[in-house]
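Asks: Taken in sequence, the protein lines are chains Y and F.
Counting from 250, one number per residue, gives the positions in the first sequence under this note's numbering.
Counting from 63, one number per residue, gives the positions in the second sequence under this note's numbering.
Yeah, the Cβ is synthetic: ideal placement off N, Cα and C, and Gly gets one too.
My questions all concern the structure below.
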Amino acid sequence: MSQGHVTIDGEEVSFEPGQTLMEAATAAGIYIPRLCHHPEFVPHGSCKLCTVDVNGRHVAACTTPATDRQRVQNNTPELNDLRRSLIQMLFVEGNHICPACEKSGNCQLQALGYRLTMLSPHYNHLFPRREVDASHPDVLLDRNRCIFCELCVRASRDVDGKHVFGLSGRGIHTQLIVNAASGKLRDTDLAVTDKAVTVCPVGAILKKRQGFAVPIGRRLYDRQPIGMADARSGQKNKERDHG
Amino acid sequence: MFELETARDPEKLKRVVIEPVTRVEGHGKVTLLLDDENHIRQVRLHIVEFRGFEKFIQGRPYWEVPVMVQRLCGICPVSHHLAAAKAIDLLVGARQLTPTAEKLRRLMHMGQVLQSHALHFFHLSSPDLLFGFDSDIGRRNIVGVAQEYPEIARDGVMLRKFGQEVIRLTAGKRIHGTGAIPGGMNKCLTSADRDYLLKDIYPVISASREAIRLMKRIYTENLAFHSSFGYFRSSTLGLVRADGALDLYHGGLRAKDATGRTIFDHVDYRRYSEYLHEEVKSWSYMKFPFITSLGPEAGWYRVGPLARINNCDFIPTPLAEAERRALIAYGGGFPIHSPLAYHWARMIEMLYCAEAIKELLHDDDILRDDLIVTGEKALEGVGVIEAPRGTLFHHYRVNEDDVVTMANLIVSTTSNNHAMNEAIRRVAERYLDGRRLTEGLLNHIEVAIRAFDPCLSCATHALGKMPLRVELMDAQGEVVDRLVKDSRGDFCVV
Numbered sequence: 250m251s252q253g254h255v256t257i258d259g260e261e262v263s264f265e266p267g268q269t270l271m272e273a274a275t276a277a278g279i280y281i282p283r284l285c286h287h288p289e290f291v292p293h294g295s296c297k298l299c300t301v302d303v304n305g306r307h308v309a310a311c312t313t314p315a316t317d318r319q320r321v322q323n324n325t326p327e328l329n330d331l332r333r334s335l336i337q338m339l340f341v342e343g344n345h346i347c348p349a350c351e352k353s354g355n356c357q358l359q360a361l362g363y364r365l366t367m368l369s370p371h372y373n374h375l376f377p378r379r380e381v382d383a384s385h386p387d388v389l390l391d392r393n394r395c396i397f398c399e400l401c402v403r404a405s406r407d408v409d410g411k412h413v414f415g416l417s418g419r420g421i422h423t424q425l426i427v428n429a430a431s432g433k434l435r436d437t438d439l440a441v442t443d444k445a446v447t448v449c450p451v452g453a454i455l456k457k458r459q460g461f462a463v464p465i466g467r468r469l470y471d472r473q474p475i476g477m478a479d480a481r482s483g484q485k486n487k488e489r490d491h492g
Numbered sequence: 063m064f065e066l067e068t069a070r071d072p073e074k075l076k077r078v079v080i081e082p083v084t085r086v087e088g089h090g091k092v093t094l095l096l097d098d099e100n101h102i103r104q105v106r107l108h109i110v111e112f113r114g115f116e117k118f119i120q121g122r123p124y125w126e127v128p129v130m131v132q133r134l135c136g137i138c139p140v141s142h143h144l145a146a147a148k149a150i151d152l153l154v155g156a157r158q159l160t161p162t163a164e165k166l167r168r169l170m171h172m173g174q175v176l177q178s179h180a181l182h183f184f185h186l187s188s189p190d191l192l193f194g195f196d197s198d199i200g201r202r203n204i205v206g207v208a209q210e211y212p213e214i215a216r217d218g219v220m221l222r223k224f225g226q227e228v229i230r231l232t233a234g235k236r237i238h239g240t241g242a243i244p245g246g247m248n249k250c251l252t253s254a255d256r257d258y259l260l261k262d263i264y265p266v267i268s269a270s271r272e273a274i275r276l277m278k279r280i281y282t283e284n285l286a287f288h289s290s291f292g293y294f295r296s297s298t299l300g301l302v303r304a305d306g307a308l309d310l311y312h313g314g315l316r317a318k319d320a321t322g323r324t325i326f327d328h329v330d331y332r333r334y335s336e337y338l339h340e341e342v343k344s345w346s347y348m349k350f351p352f353i354t355s356l357g358p359e360a361g362w363y364r365v366g367p368l369a370r371i372n373n374c375d376f377i378p379t380p381l382a383e384a385e386r387r388a389l390i391a392y393g394g395g396f397p398i399h400s401p402l403a404y405h406w407a408r409m410i411e412m413l414y415c416a417e418a419i420k421e422l423l424h425d426d427d428i429l430r431d432d433l434i435v436t437g438e439k440a441l442e443g444v445g446v447i448e449a450p451r452g453t454l455f456h457h458y459r460v461n462e463d464d465v466v467t468m469a470n471l472i473v474s475t476t477s478n479n480h481a482m483n484e485a486i487r488r489v490a491e492r493y494l495d496g497r498r499l500t501e502g503l504l505n506h507i508e509v510a511i512r513a514f515d516p517c518l519s520c521a522t523h524a525l526g527k528m529p530l531r532v533e534l535m536d537a538q539g540e541v542v543d544r545l546v547k548d549s550r551g552d553f554c555v556v
């Protein structure tokens, strides 16, 4: 049952009780860029990619409840400029070497870089020293690529029930840690089948020995740019609702 | 000690520096030391390349290696991609690939060598050969070739494009693709891909034959000059198939001395370190490899097209084999040592690649999806391939966590280091000695380098944008003459 309507970039969108703006937009086939949001987990609101303008205020679409007659600006040059800056900062704060990264073509950070027409990193690279943990027999943890979205933290805690991952430190010194006295992934109870292994939007947590198996042209974002799936599923929802 | 490598009293000599000559994943320079009469006393080619890859590949998972290390080069990335993939195959126990995977890799490699040879000859070297080494600098480039000899330029562009398309369809991209993965390939060709390539294969073969005719004509029209230009004698090294045939993808190591006598043959390349050592010299960042049994003074060798043609017993495709026989006959059955004959051999190899591509495209194995094999894991792998410029070695060790702990790369340029130094010494001695420097004379040195290595000539010749500064200093270190080439390729005395 519809609770009311909001407008997103002038398009009227209905929402269900308890839905966030992100959920209402997604159901309607409107893509709002995001990295830390995943529909299966409690919203986190940390990456700020989903920032939208609601009645003149900037809010995170993934944590803001939809309420009747909100006027939402999403796909505007101003907001996309801000989002591009966020992506650029993420690129320089880690070590994201797309040309040699096996996640290339399947990486949300890279895909958003393309979508938001990021032509250069703009900011100075920080080149942080981050540890690669290859100790687990089936899973590689490359902290160089971590964007601290905490999806692995949430997946391990809420789905796998294991608490393998966590964040430590503050600000620029934040790092992804694992729950073992040695600090090594091999000493955790992580299994390659865990949700935490598959949920990473970038190339920080990977199944070992799978890299580059999918040829160029058949990777996720080779087939359709990021955001297209939302538009298509939204179209299907509309067709279902109207006919 | 080699003649003209180290002068006795360098502090009393004038120093001429060509810096940068151009790039080899870094910068190269040539230094000349001259006495008061402008007689050449010392000549050195320094390739100031920083091969950081050997270091920063350490700590990375092995399956990343073939994709990462190909970034060493933008002209022959496929060679690094495949040499690394061959080494990594051994880490996953894939000692024998499926016929489909091996043929697809061979197809990719043939496309690579074809496009690189076309680029090297048509785009980079043909301006020197067609117009003259000291001809008008404004015309001595690929644009000048296109204006004066449009049919030659068209062939060059067509051949390079075809090779790039072969790479695209096997690796996913024209440059820096991902086709080869541990134990095989990640895709096969579709029948549509095959038909697309086959429609151009006969023009490609025809243009390759025409390129040989052109090079042969240029070379023999001024035979005495071309055959003596930068002439020196040396041993040769390369891969050959078990039956002695030319093979650019796989085989055993064969080395011959300057007379054509075999030094070693069919050596398993995984044992390369027993047969080849590297010497370090104080004046160069690049090592000087040599054949261990002959020692550093006598054991240096050359690699690349001419070395391979001298080394092999035959070429396994008919048209290229006929051309190989013609070249060998020209040499009277003895090894050919003239650096400019590299271009002739290069064009023969280009024809071989075109013929080999045709054969592979007609083989239905390339359409099958049997792409990967694995076996017992190992912790060390060596991969060797014949890159366009010569034999290329990749050697890796990994730990139990699948992470690279050691990488050693011997690239073709390194193997030809001594040979290129030798060639420019001979050229400097013959053409520069006692004369006032001009751009045309200095270009003679670059022509000798270009015979071996396209990467050293790409910036100055293909695009003409690499700035070049040559300074002539007197014995007191005062600059007495200065020649500058600006970013537009214009020369001026300042």
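(1) Which residue from F/Glu491, F/Thr68, F/Thr162, F/Leu423 puts its Cα closest to that of F/Asp262?
(2) Below 7 Å between beta carbons is the criterion; list the residues of the stretch 117 to 145 of chain F that meet it against any residue of chain Y, in chain order.
(3) How many Å lie between F/Ser290 and F/Pro139 at the Cα?
(4) Return no unless some Cβ of chain F is closer than 8 Å to the Cβ of Y/Val451.
(5) Run the CB neighbour count on F/Pro380, radius 10 Å, all protein chains shown included, and call it buried at 16 or more, exposed below.
(6) If we define contact as Cβ-Cβ less than 8 Å, is F/Leu525 a contact residue for chain Y?
(7) Can you grab the Cα-Cα spacing for the pair F/Val219 / F/Ile137, in whole Å?
(8) Looking only at its chain, what residues have a beta carbon closer than 6 Å to the beta carbon of Y/Ser384, apart from the 5 residues adjacent to it on each side?
(9) For the 8 Å Cβ check, are there 3 or more pairs between the stretch 363 to 382 of chain F and the stretch 243 to 250 of chain F?
(10) DSSP state of Y/Pro314, grouped into three classes?
(11) Look at Y/Val388 and Y/Lys456 and say whether their C-beta atoms are less than 8 Å apart.
(12) Is there contact here, the stretch 322 to 329 of chain Y with the stretch 288 to 296 of chain Y, by at least three beta-carbon pairs under 8 Å?
(13) From F/Asn479 to F/Gly292, what does the alpha carbon distance come to, in whole angstroms?
(14) Measuring alpha carbon to alpha carbon, tell me which of Y/Arg318, Y/Lys297, Y/Arg320 ends up nearest Y/Thr312.
(15) Name the DSSP bridge partner or partners of F/Thr363?
(16) For the beta strand (DSSP E) containing Y/Gln322, list its first residue and its last residue.
(17) What does Y/Pro348 reach in chain F if we use C-beta pairs closer than 7 Å?
(18) Inspect the beta-carbon positions of F/Met482 and F/Ile511 and report whether they are closer than 8 Å.
(19) Determine contact between the stretch 120 to 133 of chain F and the stretch 455 to 468 of chain F, defined as no fewer than three beta-carbon pairs at a distance below 8 Å.
(20) Beta carbon of F/His142, beta carbon of F/Val154: below 8 Å?
(21) Along the stretch 460 to 483 of chain F, what residues have a CB closer than 7 Å to any CB found in chain Y?
(22) Considering Cα atoms alone, identify which of F/Phe195, F/Pro189, F/Ser197, F/Asp196 is closest to F/Val205.
(23) Please state if the CB of Y/His412 and the CB of Y/Asn393 are separated by a distance shorter than 8 Å.
(24) DSSP beta-bridge partners for F/Ala449?
(25) Give a yes or no on whether the minimum CB-CB distance between F/Glu87 and chain Y is below 8 Å.
(26) Once DSSP output is grouped into helix, strand and coil, what is the label at F/Leu310?
(27) Could you check where the beta strand (DSSP E) with Y/Gln424 kicks off and where it finishes?
(28) Would you say F/Thr240 and Y/Ile346 are within 8 Å of each other, going by their C-beta atoms?
(29) Around the C-beta of Y/Val262, are 16 or more other C-beta atoms found within 10 angstroms, so that it is buried, or is it exposed?
(30) Measure from the C-beta of F/Gly234 to each C-beta in chain Y and report whether the shortest distance is under 8 Å.
(31) Run through DSSP, which three-state label would F/Lys349 get?
(32) Which residues in chain Y have a C-beta closer than 7 Å to the C-beta of F/Ile243? List them in chain order.
(33) Would F/Cys415 and F/Leu176 be called neighbours here (beta carbons separated by less than 8 Å)?
(34) Using a C-beta to C-beta distance shorter than 8 Å, which residues of chain F count as neighbours of Y/Val427?
(35) Drop a sphere of 10 angstroms on the beta-carbon of F/Ser344, count the other beta-carbons inside from all chains shown, and report buried for 16 or more, exposed for fewer.
(36) Using only alpha-carbon positions, find the residue among F/Asn100, F/Glu448, F/Ile267 that is nearest to F/Arg498.
Replies: On the basis of the data shown:
(1) F/Leu423
(2) Gly121, Pro123, Trp125, Glu126, Val129, Met130, Arg133
(3) 33 Å
(4) no
(5) exposed
(6) Note that F/Leu525 has pLDDT 30, beneath the 50 cutoff, so the model's placement of it is unreliable and the number below is only indicative. Not one chain Y Cβ lies under 8 Å of F/Leu525.
(7) 15 Å
(8) Lys433, Leu434, Arg435
(9) no
(10) strand
(11) yes
(12) no
(13) 14 Å
(14) Y/Lys297
(15) Correcting the residue identity first, residue 363 of chain F is Tyr in this sequence and not Thr. Looking at the DSSP assignment, F/Tyr363 forms a beta bridge with F/Ser297.
(16) 320 to 322
(17) Arg133, His238
(18) yes
(19) yes
(20) no
(21) Asp463, Asp464, Val465
(22) F/Pro189
(23) no
(24) F/Gly452
(25) At F/Glu87 the pLDDT is 36, less than 50, meaning the model places this residue with poor confidence; the figure from the coordinates comes in the next sentence. Judged by the 8 Å Cβ criterion, F/Glu87 is not in contact with chain Y.
(26) coil
(27) 424 to 427
(28) no
(29) buried
(30) yes
(31) coil
(32) Phe461, Ala462
(33) yes
(34) Those within 8 Å of Y/Val427 in chain F number zero; the least Cβ separation is about 15 Å.
(35) exposed
(36) F/Asn100
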